[in-house]
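Novice: Residue numbers (this note's numbering), protein chains in the order written: chain A, 1 to 187; chain B, 1 to 262.
(1) Here's the rule I'm using: 16 or more other beta-carbon atoms within 10 Å means buried, otherwise exposed. How should residue 101 of chain A be labelled?
(2) Quick one: does residue 213 of chain A have its CB under 8 Å from some CB of chain B?
(3) Using only the alpha-carbon positions, how far apart do residue 196 of chain B and residue 72 of chain B sit?
(4) Could you name the residues of chain B that residue 17 of chain A contacts, counting a contact when the two beta carbons are closer than 8 Å?
(5) Who are the neighbours of residue 43 of chain A on chain B, taking C-beta pairs under 9 Å?
(6) Is there at least one Cβ from chain B nearer than 8 Å to residue 50 of chain A's Cβ?
(7) For chain B, find out if any of its Cβ atoms is closer than 8 Å to the Cβ of residue 80 of chain A; answer yes or no.
(8) For residue 182 of chain B, write down the residues that DSSP places opposite it in a beta bridge.
(9) Consider the Cβ of residue 207 of chain B: report whether some Cβ of chain A lies at a distance smaller than 8 Å.
(10) If you count every other CB in all the chains shown that lies within 10 Å of the CB of residue 143 of chain B, and 16 or more means buried, which is it?
(11) To the nearest angstrom, how far is it from the Cα of residue 45 of chain B to the Cα of residue 87 of chain A?
(12) Starting from residue 39 of chain B and walking both ways along the alpha helix (DSSP H), at which residues does that stretch end?
(13) Specify, as a first and last residue, the run of the alpha helix (DSSP H) that residue 226 of chain B falls within.
(14) Is the beta carbon of residue 164 of chain B closer than 8 Å to that of residue 189 of chain B?
(15) How many angstroms separate the CA atom of residue 244 of chain B from the CA atom of residue 254 of chain B?
(16) Restricting to Cα atoms, I'd like to know which of B/250, B/249, B/181 and B/207 is closest to residue 145 of chain B.
(17) Using beta carbons (cut-off 8 Å, strictly below), is residue 37 of chain A in contact with chain B?
(18) Helix, strand or coil: how does DSSP classify residue 38 of chain A here?
(19) If we ignore side chains and look at the alpha-carbon of each, how far apart do residue 217 of chain B and residue 56 of chain A end up?
(20) Does the structure place the segment 229-244 of chain B close enough to the segment 165-185 of chain B that three or more beta carbon pairs sit under 8 Å?
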């Protein structure tokens, strides 16, 4: 039988790094998408996911064995992505980073190979969505990201973000309407 | 219909459009939208929004590397994180000769500035200007030497990174696995270089500010190499090679090392 996430966390708490492998295998894809929705850059998102697992290993001895692992990792990913995004914004002001070619970025972001038109539309939509998401308050954004990019159930979002179900519903409702206002006229 | 009820219905419509309702809740929201023109319009708009958002390429994004490669990166990072005392020791060891050299140089300067003893066995105390120089020169010299050494170390680091990237471009076949290439040494050297890179940045942030973008690119590629298993797939190596070419990394390293060496 496969060890549960909690078993793996218990092993990490004992300093057993081997437990990182199966834990990562289970969670890294969805954490990557969450980080990507905040950072919109494949390298940055990958670095963020890497840091999530570094932090998970380092914090394992203090981890509460009663809490769920998935939501805990998700919280780390969101907080770390927000910090990273802010640092990135500050750095952009100070330095001019090498810009990734837009076409290449698309190629790295999508697993399939859409037509050039669809790719172009996807890029335009992606940029507008990124801008609209940046304008959302922190809580609304987190709820929206977990619903839209991770397809989490509302109850799961509530557990992950430590909110009541009612707050999750209102936050999602507000976020959806703000997004609609900001994306109006795109198509 | 009360305003409060309608606010609740609007909220349910939003959740329905986002696919966040199921079962009875979804049926009720659907039934309400069918009997309320404003809600039906709302639902249609939000469904268009959802369709539009489904075009966002990020929803289908896959991490550019697999779990095994990410695990190797995490392990490399944990080793790096566990190294601060060693880094501190390395820094101290590095500064020690610099400090000793600076002190020697300062002593020499003071000796030259000191009046040469003639007949009197006990020389007169040094003039105030010499005493000031004695206090000021070492710091200034140490700072200048630190800067020079940081730049030299950075140039050496970049040289070695470039050498590594060239080695990676011509890998040996792996004896343990067919159709794979042996990059065990290169991955280990990358990890060592990454540890040195952390030291360089910690020591002379401003002294190497102009080369920071290149250092960042080099770091990215080194992390990729460090994350490779000892018998790597050729296509993973080719991907790294493409990244090196795309970033014009070898040429940039040449330019930057020349600038650092003055």
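Just so you know, even glycine gets a beta-carbon here, dropped at the ideal spot from N, CA and C.
Specialist: Taking the structure as given:
(1) Residue confidence for residue 101 of chain A is low, a pLDDT of 41 falling below 50, so the modelled location carries little weight and cannot support an answer.
(2) What the structure shows of chain A is the stretch from 1 to 187, and residue 213 of chain A is not part of that stretch, so it cannot be assessed.
(3) 18 Å
(4) Annotation: Cβ neighbours of residue 17 of chain A in chain B (cutoff 8 Å, chain order): 75 and 78.
(5) 64 and 220
(6) yes
(7) no
(8) B/172 and B/231
(9) no
(10) exposed
(11) 36 Å
(12) Residue 39 of chain B -> alpha helix (DSSP H) spans 37-53.
(13) 212-226
(14) yes
(15) When rounded, the distance between both Cα atoms is 13 Å.
(16) B/207
(17) Yes - at least one Cβ of chain B is within 8 Å of the one on residue 37 of chain A.
(18) helix
(19) 27 Å
(20) Here the segment 165-185 of chain B makes contact with the segment 229-244 of chain B; the two share three or more CB pairs at distances below 8 Å.
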